[in-house]
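A.B. asks: Supplied in structure tokens, the structure appears directly below.
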Amino acid sequence: MSEDLTPYLERSAATDLPALLRAKEGAKRRMNDTPTKENIEAFKKVRDEVEKATAVSGEGRLFAKRPAALAYLQGRGFSIQKTKFYADCKAGLVPTNAAGQFEEAVLLAYASALPTVAKEEDSKLSEEARRRLTADADYKCEQAKLTQKRREMLEGKLVERAQVERDLAARAQFFKRQIENFGPLLGARIIEAVGGDEAKLPEFLLLWEEATADWMDAWSADREFVLGPDAPDDAASCQA
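Numbering (the working numbering), first residue to last: 1 to 240.
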């Protein structure tokens, strides 16, 4: 019983040499079992394909298809992926001969610019190189952190610690001066308010609460406190 091997041969040739060899063995068995003209021709055809795939000429080995050529380069230790090799073939960087085959010499010439798979001892970086890489990575990390910090400051998410400390110091000075000056500034009003009568303590406490309420508001509200050599002696300036 004869069988058309053309589709199978095309698929086999497009994969690898073992597939071609399996096709050859299958064709040989059919020819031996049923030596018809068709089976004999089929065997010769697949045999020719195997010979082309394994041919050795003045240019070295020949490879009928891209997968075989790629496997050869990878087997020689060249680091190349299928997508790159196929793209380079399409771009004409890996020319074939008149029969459409890849010649070993051409493949090696093309691969001369490719990186090779590094040996274990060659893959180890020197101590100096490692230090440089580490230093560069640390620098880039710090730069990224600084950029992030600047962006957050511009967005109002971060405030410089020194600025916070200055603001707190100004608030503390303002509060301290107000308390220190409370007696001298309001003593007369206190005496007048209570009339020297202890029974009027509630009136005094009301006056105290009203006076200190402004300080508490100044401390907690969103107001600008200025601390500097030009600040008044009696109190730090406060601006709403």
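Glycine is no exception: its CB is placed at the ideal position from the N, C-alpha and C atoms.
Source: prediction; values computed, not measured.
Give me the Cα-Cα distance between Y139 and R131, rounded to the nearest whole angstrom.
C.D. replies: Along the sequence shown, read from residue 1 onward, the residue named residue 139 stands at position 139. Along the sequence shown, read from residue 1 onward, the residue named residue 131 stands at position 131. Their Cα atoms are separated by approximately 12 Å.
A.B. asks: Could you pull out every residue in the same chain whose Cβ sits closer than 8 Å to the Cβ of V245, ignoring the five residues on either side in sequence?
C.D. replies: A question about residue 245 goes unanswered here, because the residues of the chain that appear run from 1 up to 240.
A.B. asks: Please go through the same chain and pick out, in chain order, the residues whose beta-carbon is closer than 7 Å to the beta-carbon of C89, but skip the five residues on each side of it.
C.D. replies: Your numbering for residue 89 matches position 89 in the sequence shown. Contacts found: R66.
A.B. asks: Look at L146 and E152 and say whether their C-beta atoms are less than 8 Å apart.
C.D. replies: As a first step, residue 146 must be located in the sequence shown, where it is residue number 146. As a first step, residue 152 must be located in the sequence shown, where it is residue number 152. Cβ distance not < 8 Å, so L146 and E152 don't count as in contact.
A.B. asks: Near I40, what residues of its chain come up, given a Cβ to Cβ distance below 7 Å and the 5 sequence neighbours on each side ignored?
C.D. replies: Numbered from its first residue, the sequence shown carries residue 40 at position 40. So the list reads M31, once near-sequence residues are dropped.
A.B. asks: Rounded to a whole number of angstroms, what is the C-alpha to C-alpha distance between T134 and C141?
C.D. replies: As a first step, residue 134 must be located in the sequence shown, where it is residue number 134. As a first step, residue 141 must be located in the sequence shown, where it is residue number 141. For T134 and C141, the distance between alpha carbons rounds to 10 Å.
A.B. asks: Whole angstroms is fine: what's the gap from Y86's alpha carbon to Y72's?
C.D. replies: Counting from 1 along the sequence shown, the entry for residue 86 is found at position 86. Counting from 1 along the sequence shown, the entry for residue 72 is found at position 72. Approximately 14 Å, taken between the alpha carbons.
A.B. asks: What's the call for Q81, buried or exposed, on a 16-neighbour Cβ count within 10 Å?
C.D. replies: As a first step, residue 81 must be located in the sequence shown, where it is residue number 81. So Q81 ends up on the exposed side.
A.B. asks: Going by DSSP, what residues sit across from L62 in a beta bridge?
C.D. replies: What you label residue 62 is simply residue 62 of the sequence shown in a count that begins at 1. According to DSSP, L62 bridges with E103.
A.B. asks: Looking at the secondary structure, which residues open and close the alpha helix (DSSP H) in which K82 lies?
C.D. replies: Position 82 of the sequence shown, counted from the first residue, corresponds to residue 82. Where K82 is concerned, the enclosing alpha helix (DSSP H) stretches over K82 to K90.
A.B. asks: With distances taken from CA atoms, which of T34, K24, G60 and F63 is nearest K241?
C.D. replies: Limits of the chain in this structure are 1 at one end and 240 at the other, which puts residue 241 out of reach.
A.B. asks: Nearest to F102 by CA position, among S112, A113, A68 and T83, is which residue?
C.D. replies: In the sequence shown, the residue the question calls residue 102 occupies position 102. When only C-alpha atoms are compared, the closest one is A68.
A.B. asks: Return the CA-CA distance between F319 and A137, expressed in angstroms with no decimal places.
C.D. replies: It is not possible to answer for residue 319, since the shown part of the chain is limited to 1 through 240.
A.B. asks: Give me the Cβ distance between G60 and A111, rounded to the nearest whole Å; I'm assuming they're in contact under 8 Å.
C.D. replies: The residue labelled residue 60 in the question sits at position 60 within the sequence shown. The residue labelled residue 111 in the question sits at position 111 within the sequence shown. Their Cβ separation, rounded to whole angstroms, is 13 Å, which puts G60 and A111 out of contact at 8 Å.
A.B. asks: Does E165 pass the burial test, meaning 16 or more other C-beta atoms within 10 Å, or should it be called exposed?
C.D. replies: Position 165 of the sequence shown, counted from the first residue, corresponds to residue 165. Flag for E165 reads exposed.
A.B. asks: Is it the case that the CB of G196 approaches a heavy atom of the ligand COA more closely than 7 Å?
C.D. replies: With respect to the ligand COA, the structure shown offers nothing to examine, as it has no ligands at all.
A.B. asks: Among W208, K176 and Q178, which one has its Cα closest to the Cα of I191?
C.D. replies: Reading the sequence shown from its first residue, position 191 is the one you call residue 191. When only C-alpha atoms are compared, the closest one is W208.
A.B. asks: Apply the 10 Å Cβ neighbour rule to A188 and answer buried if 16 or more other Cβ atoms are within range, or exposed otherwise.
C.D. replies: Residue mapping note: residue 188 aligns to position 188 of the sequence shown, counting from 1. Answer is exposed; the Cβ neighbour count stays below 16.
A.B. asks: When we look at the beta-carbon of A42 and count the other beta-carbons within 10 Å, is it buried (16 or more) or exposed?
C.D. replies: Numbered from its first residue, the sequence shown carries residue 42 at position 42. When all chains shown are included, A42 counts as buried.
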